[in-house]
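Read the structure below first, then the notes.
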Amino acid sequence: MTRSRPPGEWLEDALGDPGAEGNVFSIAGLLELDRREEFPADACARLDELGLQRFYVPAEHGGGLRSYEDLLQVIRVLSRRDFTVALAHCKTYLGSVAVWVAGTPEQAAALARRVLGGEVVSLALTERDHGSDLLAGAVTATPGAFRHRIDGEKWLINNATRGDLVCVLARTGAPGEARGHSLFLVDKHALPEGTYRCLPKVPTHGVRGADISGIAFTGAEVPAGSMVGEPGGGLEVLLKALQITRTLCGGMSLGMAEHALRLATGFAERHRMFGRPLIELPQTARVLAEAYADLMVAEAVTVLSTRAVHSLTAEQSVISAIVKYYVPTLADQVINRLAKVLGARALLVDGPFQKVQRDHRIVGIFDGNTLVNLNALVNQFAGLARGYRRGLVDREGLDVAADLGRELPPLVPSRLSLLSRGGCSLVQDLPTRTSVDDQADGHVAELRRRADVVHGELARTRPASRDVPPELFELARRYAALYAGAACLRLRAGDGDDEDDQGSRRSRACLARVLGRRDEAVDGLLPVLRERVHDRRPLSALPYRSNSRGAVTHAV
2 MTRSRPPGEW LEDALGDPGA EGNVFSIAGL LELDRREEFP ADACARLDEL
52 GLQRFYVPAE HGGGLRSYED LLQVIRVLSR RDFTVALAHC KTYLGSVAVW
102 VAGTPEQAAA LARRVLGGEV VSLALTERDH GSDLLAGAVT ATPGAFRHRI
152 DGEKWLINNA TRGDLVCVLA RTGAPGEARG HSLFLVDKHA LPEGTYRCLP
202 KVPTHGVRGA DISGIAFTGA EVPAGSMVGE PGGGLEVLLK ALQITRTLCG
252 GMSLGMAEHA LRLATGFAER HRMFGRPLIE LPQTARVLAE AYADLMVAEA
302 VTVLSTRAVH SLTAEQSVIS AIVKYYVPTL ADQVINRLAK VLGARALLVD
352 GPFQKVQRDH RIVGIFDGNT LVNLNALVNQ FAGLARGYRR GLVDREGLDV
402 AADLGRELPP LVPSRLSLLS RGGCSLVQDL PTRTSVDDQA DGHVAELRRR
452 ADVVHGELAR TRPASRDVPP ELFELARRYA ALYAGAACLR LRAGDGDDED
502 DQGSRRSRAC LARVLGRRDE AVDGLLPVLR ERVHDRRPLS ALPYRSNSRG
552 AVTHAV
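Under our numbering, the letters of the sequence shown match residues 2 to 557, in that order.
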């Protein structure tokens with residue numbers, strides 16, 4: 002692999018022509034596997050041959066993961082090509098991340114060797130009767146003299162059957178106790194016969210070929226050294242690790258939304274209605290232009306937030322919750338609106354657009370669903386209001402996150418925190434931001450006005466019980482929109498080779514979409530979209546990405 006090229010561009014080329022017969026990454030071949038609900042084993046094997054697993058191991062442990070921005074690109078490209086493959090292969094990082102965050106040097110070194118060797122790691126959190134309520138988990142790990150005995154069943158687990166190792170959250174204390182759970186990295190190959198069994202594959206609406214199954218333990222003894230982190234600290238380690246993975250989930254949404262937009266644009270170019278191409282009808286043109294602007298918004302939020310993993314690490318409890326709620330929700334809306342461009346064809350079962358539409362719905366569910374992430378924001382309202390009132394801004398960390406040309410510092414996992422004591426620098430910096438051009442002044446002024454109003458409401462809220470009032474969830478949604486607007490303002494939505502006025506118009510278009518305003522700058526995006534789809538160029542609007550022709554070869 003040539004590391005001088007952006008990882009996303011390298012991977013796109015390595016996957017080959019999606020229209021080529023015999024390519025394991027061909028659109029037609031992967032669609033056929035999806036119809037048969039068959040695991041994409043050949044595609045995953047090809048990724049192993051390419052050494053993609055290096056991106057799942059941090060550089061300090063001998064891998065190739067130097068920045069999460071690189072891993073984000075990998076996830077985005079794979080998700081754009083086929084999300085079932087992305088979910089199957091990239092989930093090894095999810096299964097490993099707890100060790101990178103809280104494991105001992107010996108645990109990290111041993112796991113790194115196995116991941117680099119192509120072994121698959123799964124994360125087993127949820128249970129059939131408890132869903133997202135991890136405190137209610139019934140799987141137990143009973144301590145002995147030198148080992149723990151694990152009993153119980155984990156269900157709806159990705160790669161539970163094909164995984165070689167499973168990171169298991171198990172109860173080691175009293176039921177419901179906050180520090181009553183621990184994490185264990187379980188080597189399935191080392192378990193005695195009869196002490197575990199893999200559960201049958203669960204039929205799913207999307208990602209039909211993925212290994213969504215489960216695992217049941219019966220007296221499975223694991224060595225004491227398999228515990229990750231301190232006894233009783235499993236949930237804390239997990240919640241910190243999920244701050245990284247929830248942010249990276251934005252790459253999944255970006256990849257699938259971009260694929261859907263390409264498919265819909267290509268169809269609208271070819272299909273004729275009333276004697277002219279469908280794309281020339283005002284309603285279709287508006288839907289496509291708005292979808293492109295929304296994709297740019299989602300990209301700004303995701304990329305800045307992923308860089309912030311390194312430079313605003315202590316704020317990730319806020320940032321990751323926003324990304325995991327906002328980006329999949331926005332992408333779902335984009336994909337559903339694009340379905341209207343296809344009309345009756347969107348009702349077909351087995352086309353590439355329909356697969357994207359089915360597959361993407363899972364992104365808003367795993368690693369904490371929409372309500373879980375909104376609730377995470379609600380729990381930090383007081384700190385966010387205080388940070389805004391005091392004007393607390395980590396200026397250096399924010400500048401690093403927003404300057405795509407700056408090298409990112411290494412992640413320091415110990416800086417991850419369950420609550421952000423300083424609030425959210427990006428939003429709290431809004432009062433100091435200036436507009437990108439005179440025409441955007443109205444949008445920026447409106448964003449600031451809304452920020453003042455929202456933070457006033459945050460300051461007046463009181464801590465909620467488990468039964469959070471609906472109006473607080475709505476307030477969390479409005480806060481997330483402020484974050485999105487601030488991200489668009491900081492990451493100017495213009496290509497590296499664009500003239501300044503073009504970049505300014507795109508920034509204005511993104512702000513307009515966040516604010517729900519009509520702006521002619523949005524309509525002006527359509528020619529750019531048509532050109533990029535026609536030339537098979539990336540739809541990314543950020544200058545750090547390569548925009549060389551031929552980098553994207555999706556058939557539309």
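Here a beta-carbon is modelled for each residue, glycine too, at the ideal position from N, C-alpha and C.
Model, not experiment: these values are computed from the prediction.
Where the alpha helix (DSSP H) containing residue i begins and where it ends
i      : result
Ala44  : 42-51
Ala211 : No alpha helix (DSSP H) contains Ala211, which DSSP labels as neither H nor E.
Gln443 : Note that residue 443 is Gly in the sequence shown, not Gln. Unbroken alpha helix (DSSP H) run through Gly443: 442-461.
Asn583 : The question about residue 583 has no answer here: the residues shown for the chain are numbered 2 through 557.
Asp353 : The amino acid occupying residue 353 in the given sequence is Pro; Asp does not appear at that position. Its alpha helix (DSSP H) spans residues 353-361.
Asp400 : 396-403
Leu31  : 28-36
Ser421 : Ser421 -> no alpha helix (DSSP H), and no H or E assigned at all.
Thr141 : No alpha helix (DSSP H) holds Thr141; the beta strand (DSSP E) holding it covers 141-144.
Ser123 : Per DSSP, Ser123 belongs to no alpha helix (DSSP H); it is in the beta strand (DSSP E), 122-125.
Thr303 : 283-312
Beta-carbon proximity of residue i to residue j, cut-off 8 Å
i      : j      : result
Asn370 : Ser133 : yes
Thr303 : Val288 : no
Val298 : Ala113 : no
Leu66  : Ala15  : no
Asn160 : Asp212 : yes
Val86  : Ala44  : yes
His558 : Gly235 : Since the first residue of the chain shown is 2 and the last is 557, residue 558 is not available in this structure.
Asp351 : Arg36  : yes
Gly230 : Leu184 : yes
Gln429 : Val379 : no
Ala487 : Leu431 : yes
Cys168 : Leu186 : yes
Gly220 : Gly174 : no
Leu88  : Val208 : yes
Gly251 : Val310 : no
Ala123 : Gly164 : Sequence inspection shows Ser at residue 123; the Ala mentioned does not correspond to that position. For Ser123 and Gly164, yes; Cβs fall inside 8 Å.
Gly177 : Leu135 : no
Thr314 : Leu412 : yes
Gln19  : Ile28  : Per the sequence shown, the amino acid found at residue 19 is Pro instead of Gln. Taking 8 Å as the Cβ cut-off, Pro19 and Ile28 qualify as a contacting pair.
Thr141 : Ala171 : yes
Gly256 : Arg533 : no
Ala510 : Leu483 : no
Arg491 : Leu427 : yes
Exposure of residue i, with buried meaning 16 or more beta-carbon neighbours within 10 Å
i      : result
His456 : buried
Ser415 : exposed
Phe275 : exposed
Thr105 : exposed
Gly388 : buried
Leu420 : exposed
Thr433 : exposed
Val454 : exposed
Ala242 : buried
Asp442 : exposed
Asp468 : exposed
Leu417 : buried
Asp333 : buried
Leu349 : exposed
Where the beta strand (DSSP E) containing residue i begins and where it ends
i      : result
Asn337 : First-last for Asn337: 317-343, but that is the alpha helix (DSSP H), not the beta strand (DSSP E).
Ile158 : 148-159
Ala171 : 166-172
Arg198 : 197-200
His182 : 182-188
Ser426 : Careful: Ser426 lies outside any beta strand (DSSP E), inside the alpha helix (DSSP H) at 426-429.
Neighbourhood of residue i by C-beta distance below 8 Å, restricted to the same chain and skipping five residues each side
i      : result
Ala286 : Ile280, Asp524, Leu527
Leu12  : Leu51, Leu53, Gln74, Val75, Val78, Leu79
Check: residue i C-beta below 7 Å from any heavy atom of the ligand COA
i     : result
Ile76 : This structure lacks the ligand COA; in fact it carries no ligand of any kind.
Residues near residue i by beta carbon distance below 7 Å, same chain, minus five either side
i      : result
Ala217 : Glu154, Tyr197, Arg198, Leu200
Gly384 : Leu420, Ser421, Arg422, Gly424
Ala292 : Leu262, Val335, Arg338, Leu339
Cys91  : Ile76, Leu79
Ala60  : Leu66, Arg67
Test: residue i CB closer than 8 Å to a CB of chain B
i      : result
Arg387 : Note that chain B does not occur in the displayed structure, where there is just one protein chain.
Same chain only: Cβ atoms within 6 Å of residue i, ignoring 5 sequence neighbours per side
i      : result
Ser312 : Gly398, Val401, Ala402
Cβ pair count under 8 Å reaching 3, the segment 141-154 against the segment 225-242: yes
Is there contact between the segment 242-249 and the segment 356-373, where contact requires at least three CB pairs shorter than 8 Å? yes
Give a yes or no on contact between the segment 313-321 and the segment 258-266, applying the rule of three or more CB pairs nearer than 8 Å. no
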